[in-house]
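So the structure is just underneath, and the comments pick up after that.
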Amino acid sequence: MRFSDQWLRDCVETRLPPQALGARLTEVGMPLDSLEPFGDDTVYHFDVTTNRPDCMNHLGLGRELSVAEGTRLKEPSTSIPDVSSQAAELLASVAVESPDLCERYTALVIQKVKVGASPSWLARRLEAIGLRPINSVVDATNYVLWEMGHPLHAFDLEKLSGRTIRVRRAKPGERITTLDGVDRKLMPEMLVIADGRKAVAVAGVMGGRDSEIGAATTEVLLESAHFQAASVRKTSRALGLHTDASHRFERGADVEMTLKAAARCAALIAEVTGGRVARGVLEDRKAPPVRREIALRPERVRGLLGLAIEEQAMQEILQRLGCSVIRDPAQAWRVVPPSFRGDLSLEEDLVEEIARHHGYEKIPVTLPRVFLFPEGRSESEKRMDRIRQAARHCGFSEALNLTLVSEAENRAFGDTSGGVQVLNPLTEGEDRLRFSLVPGLLSNLAHNLNHHLPEGRLFEAGRVFRPSDSPSELPDEEEKLGLVLGGKSSARHWGEPERQPDFYDLKGALDQTVQVLGVSQVDWKSAQRPFLVPGRGAEILVSGRLLGWAGEVAPQIASAWDLESVALAGEISLRELFAVLPEDAAFRHTPLARTPRVSRDLSLILDKAHTYREVEAAIRGVEGIPVASVELFDRYAGASIPPGKIGMSVRIVFRSPERTMVSEEVSEFLDRIIHRLRDRLGAVLRGN
Amino acid sequence: MQDRLQSLRERFDSEISSAADAAALVRIRAGYLSRKGGVLSQLLRTLKEVDPAQRPAVGDSLNSLKRYMEERLALAEDSLATSPVAQGLDVSLPGRMPPLGTAHPINQVRREIEEIFLEMGFSLAHGPEVETDYFNFVALNFPIDHPARDTQDTFYLEGGLLLRTHTSPVQIRTLKARKPPLKIIALGKVYRRDSDVSHSPMFHQVEGLAVAEGITFADLKGTVLTFARRIFRDDTQVRFRPSYFPFVEPGAEFDLSCVLCAGQGCATCKRSGWLEMGGAGMVHPEVLRLSGHDPQSVSGFAFGLGVDRIAMLKFGIDDIRLLFENDLRFLHQFPGS
Ligand SMILES: [Zn+2]
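Residue numbers (this note's numbering), protein chains in the order written: chain D, 121 to 808; chain P, 395 to 731.
Given below as structure tokens:
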């Protein structure tokens, strides 16, 4: 909000140069954003907070400075000079028909005005704060708005039908052309200023074109009213019309200010137009509100701030701010804030006033004297950390993506629900909450591969969203882990051959990441997904529970994501994973076997249709044999293998926990295993 | 016996002269001299079975052979160690580095922030990113149709839901679920409908809340100062200025002495020496009341600040968009975790 240095100095005595003046006001809660020269003046930009409409003008801001600096505030005269003998009540009338939305309506009449350009001092002031001078009457109302903070409106009295003002709600279907030339439809809940026939202004927002002040105007009805904040806000938003007036009314105007501002403005209009102010005030008001009395306990001030401050200092600050203070040594103080401080209603509000002007920097620095049992990280937080660490140890770098995505991205990765929709997105491509982490990760992968990196490995652990059954219920937010990798054929080391990343790179990483949390057995089952290459996708299960999927990204997806080389992706639910972890996920020591191990290799040939999983299950399934481990160490096809068959070489390690095995019994174990492999899978030993 | 020792010596000589590398020398040493399986060690152990009359002479021969072998091995090992590179390794060739992923800078900073507050006795709290109007606004003393809502640039969803504009709803969820005394921080994603190039519609905030008997504004200052000094440098200064947030009273904003120029003035702090960091204040009595606590018996402070901004300052990142682009060349610049 713009303020003129010269204007401010008209309102308050101060010797501070502009920069220091800005710094001082910043210290009391009126932060200076910047300042710049404007001719021989200086223009300040202050960020006045929404709770302080009283400071959105030069006098109000000056008051803060006068309290802070202990200097005098120079309030303008609010008496009406040089009154004509004409009685205002014979010239016009005002009536408030909706007193719930208009607490007070005050008007003065100024006659014999000659509307023209404003004098240069007035025009300069308005220009300094970024307003365009219009004519001497309108400029006078704007001047008083920016001087005292109260919005005013001037009507051409001769254009008001019946020379009357009715403050009422709009009629069904009623319309008005506002000063900006726009024809607007009014809603019945909107408050309007009407004359005897029709709406002539939208109350507290903008006047109407039909009654605007022009060169031919000779009689002015000057409105100075108090409109209800919420009503002005609703109307202003519904019309999409934000004005200096609505900005102040919706933050709360001062009901006691209407007459003072009107008098000040009428005097100014008389001065700049040569007009005469008619005798008497036109006014319709509700009974003045009861003075809000706030109980203040000095102990509470000290207790809340942790500051030893004298009672005298508290009282002085409050009084300089315009509060009346009744100190009662036996009870709480009784403090009545000034009418322009609608933001002060609680004891804590007064605590802030005292702290603000005493200086936040004078409050000591301590730590809470609260002793709590330290809770540390929860089990699930630790698991999240370990999952991330495990993924990093597999060579995956952590990405963080926007949770706002397009519907197409969600749909491509299996969202059939339409997703959680944002009603007012910034762009169309960001109007859904993500259903999967993979679309974002694939975009990251494409970005990296297209920036000349041969290979990329990325993961993200974060939330995905699914709509709940009812739209007013919170959607389901689920933590997931997504991994992607891909790239061209490349060698990781000068001593090794080039290789393209493949499914088993991803599988190994996912297995290892999950195993870090104590899951010993992860089951992979071949499965289809529309976004994966058929026959190259899998479902991941632990203890029969589906955790997620992984596989090679389908070509149509890859090309839609600008990927030029093979990409692999997988996603698992961390909620499902954490649910299958044992209650007590602590790792426990198992005694190490001290007996020797005996290992035997088998080279099998079997139908291609059979999986390694079946081979291992057959081996482990032979009863009464102490198999310590089964490990696939080769898998091959080619000239030496009949078509439709596949070769697998496994190493089986036997170990009895109790004793050393003799070679005869190991041979017997192996025979039984070979037998079973033949029976179950039709496997034969290579070379037999 | 002596013949046997002689042939052993000859075999040793031939093996050692044909040994090409360190691995071969290790094998030879193990084969002859290892305490368990070495040939010579085994012979020494059988000495007690030798005819007592011959025992001293055989013992001498064995020991001298052992000394001989040790000397030759030592010589061979020495000469290998000083031989030209051609015979050894080019140790300047790149090693096989296992691929190592990095943690995202925001998550690195998240961990660091959490650690600092955990050490100060705070607990970690969480809440949903999609919130109700009640938790995001009403319970935080933002009445319906209040102008303070204008500053929040809210994304709305169907059913009156919204994307939380701050982590403050977690304050309410915590206050409704727990009894004071409590000290929590809540860190997570928040959303503002902000199209500015220096803003991202999604960013991260950390919220602190302490509610107990006798909590003061001075405690707030101390907590924020301690945090600022731990996360940045231990001479960091904190400046509190009065400000307005509906859910605190008295309310404040706080600035840190610029962590880049130590308050001397630079481009990042716009020559002011100060960096705007966040908002804070004493929990508004209405907020306590709405969540079931008596503001006359407990008081509290709350503060909030931007995690992304801390990450940018700590790592010298000048463009927030880099944080969400996930360029590996960028991510790999932060190998810490
Ligand atoms: Zn600086």
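Backbone N, C-alpha and C define an ideal beta-carbon position, used for all residues, glycine too.
Q599(P) is classed as buried because its beta carbon has at least 16 other beta carbons within 10 Å across all chains shown. In the displayed model, W669(D) falls within a strand according to three-state DSSP. Between the region 235–242 of chain D and the region 149–161 of chain D there are fewer than three inter-stretch CB-CB distances shorter than 8 Å, so the stretches are not counted as touching. Contact of S637(P) with chain D is assigned, a C-beta pair being separated by under 8 Å. Distances between the C-beta of G667(P) and the heavy atoms of ligand 1 include at least one below 7 Å. In this structure, the alpha-carbon of E343(D) lies about 34 Å from that of T146(D). Here L578(D) carries a strand assignment [DSSP, helix/strand/coil]. Using a CB distance below 9 Å, the part of the region 503–532 of chain P facing chain D consists of R505, E508, L512, E513, M514, G515, F516, S517, L518, H520, P522, E523, V524, E525, T526, ordered along the chain. Setting aside the 5 residues that flank it on each side, L683(D) is surrounded in the same chain by A566, each with a C-beta closer than 6 Å to its C-beta; the list follows chain order. For H346(D), the enclosing beta strand (DSSP E) stretches over residues 340–347.
The alpha helix (DSSP H) runs lying completely inside the region 529–594 of chain D and spanning 4 residues or more are 558–569, given in chain order. Against G426(D), the close residues of chain P are T610, F611, A612, D613, in the order they occur along the chain (beta-carbon pairs closer than 7 Å). Contact of L684(P) with chain D is not assigned, every C-beta pair being separated by 8 Å or more. Residue pairing by DSSP leaves Y624(D) without any beta bridge partner.
Distance from the Cα of K232(D) is smallest, within the candidate group G250(D), R417(D), L277(D), for L277(D). Annotation: the continuous beta strand (DSSP E) that includes H165(D) extends over 161–166. Within the region 599–631 of chain D, the residues whose Cβ lies closer than 9 Å to any Cβ of chain P are, in chain order, R612, H613, W614, G615, E616. I483(D) reaches chain P at F611, A612, K615, counting residues in chain order whose Cβ is nearer than 7 Å.
Residues of chain D whose Cβ lies closer than 7 Å to the Cβ of T559(P) do not exist; the shortest such Cβ separation is about 13 Å. Looking at A274(D), G539(D), A323(D), K291(D), the one whose alpha-carbon comes closest to that of T337(D) is A274(D).
Neighbours of L594(D) in chain P, taken as residues at a C-beta separation under 8 Å, are given in chain order as P522, V524, E525, T526, L555.
In terms of side-chain proximity, the C-beta atom of L654(P) is found nearer than 7 Å to a non-hydrogen atom of ligand 1.
In the three-state reduction of the DSSP assignment, Q231(D) falls in the strand class. The region 415–433 of chain D and the region 473–486 of chain D touch, with three or more beta-carbon pairs separated by less than 8 Å.
With respect to the C-alpha of P137(D), the residue from R122(D), H571(D), T162(D), E247(D) having the closest C-alpha is T162(D). Shortest Cα-Cα distance from N171(D) to any of G324(D), F585(D), G462(D), V786(D) involves G462(D).
For K573(P), no Cβ of chain D is located within less than 8 Å of the residue's own Cβ. Identification of chain D residues near S693(P) by a Cβ-Cβ cut-off of 8 Å yields G423, L424, ordered along the chain. Secondary structure at Q448(P): coil, using DSSP grouped into helix, strand and coil. Residue environment for S693(P): buried (at least 16 other C-beta atoms within 10 angstroms of its C-beta). Using a Cβ distance threshold of 8 Å, E189(D) and T261(D) do not count as a contacting pair.
Neighbours of F585(D) in chain P, taken as residues whose beta carbon is under 9 Å from its own, are E523, V524 in chain order.
Boundaries of the alpha helix (DSSP H) around A738(D): 732–740. Proximity of the region 504–511 of chain P to the region 555–563 of chain P falls short of the contact definition, fewer than three beta-carbon pairs being nearer than 8 Å. The CB of T630(P) never comes closer than 9 Å to any CB in chain D; the least such distance is about 13 Å.
Collapsing the DSSP output to three states places G554(P) in a helix.
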